[in-house]
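Here the working numbering is used: position 39 in the sequence shown is 418, and no number is missing along the way. No residue lacks a Cβ here, since even glycine has one placed at the ideal position from N, Cα and C.
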Amino acid sequence: MKKIIVAAMALVMASTVPGLAQTYRTEAREYRQENRIVRGYHHGELTPRELRQIKRQQHRIDRAQRRAARDGYVTRAERRKLERMQDRASRNIYRKTHNGRYVY
380 MKKIIVAAMA LVMASTVPGL AQTYRTEARE YRQENRIVRG YHHGELTPRE
430 LRQIKRQQHR IDRAQRRAAR DGYVTRAERR KLERMQDRAS RNIYRKTHNG
480 RYVY
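Next up, the structure:
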């Protein structure tokens with residue numbers, strides 16, 4: 380009986396860990412990008428309009444991430460799509476913080 384309970388617990392733990400591990404990388408990256416956005420805004424490198432555009436893009440990434448994880452498993456294609464979306468967002472953050480427009 381004890382072996383069955385231990386096996387069931389191990390199965391439950393194994394099924395939840397991959398879901399967490401799949402989204403952790405994208406969430407950590409999103410957190411770093413959020414810090415870059417805040418830093419750019421506080422330094423005056425982002426105008427309010429640029430900030431709004433970047434925030435909207437981050438919101439779309441959040442929605443796509445929730446949609447991908449809805450069934451409990453993020454497929455390779457979904458991970459690739461999320462990575463591509465974050466690559467674009469990272470490029471946009473860089474370009475908008477280095478475009479010579481400042482808020483004084």
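Handout entry: Distance between Gln-437 and Glu-406 (C-alpha atoms, nearest Å)
Key = 11 Å
Practice task
Tell me, please, whether the stretch 421-434 touches the stretch 462-477 by the rule of three or more beta-carbon pairs shorter than 8 Å.
Solution key: yes
Problem - Residues near Glu-457 in its chain [Cβ-Cβ closer than 7 Å; skip 5 each side] - result: Ala-447
Practice task
Go through its chain and collect everything with a Cβ distance to Lys-475's Cβ below 7 Å, but skip five positions before and after it.
Solution key: Leu-425, Glu-429, Ile-433
Practice task
Let me know the secondary structure DSSP gives His-422 once reduced to three states.
Solution key: coil
Exercise for the section: Can you say whether Gly-423 is buried or exposed, counting buried as having 16 or more other CB atoms within 10 angstroms of its CB? Expected result: exposed
Problem - Gly-419 burial status per 10 Å Cβ neighbour count (16 or more: buried) - result: buried
Exercise for the section: In the DSSP assignment, find the alpha helix (DSSP H) that holds Tyr-481 and state where it starts and stops. Expected result: Run containing Tyr-481: none; DSSP gives neither H nor E here.
Problem - Which listed residue (Arg-439, Arg-463, Ile-416, Arg-455) has its alpha carbon closest to that of His-477 - result: Ile-416
Problem - Rounded C-alpha distance that separates Ile-472 from Thr-454 - result: 27 Å
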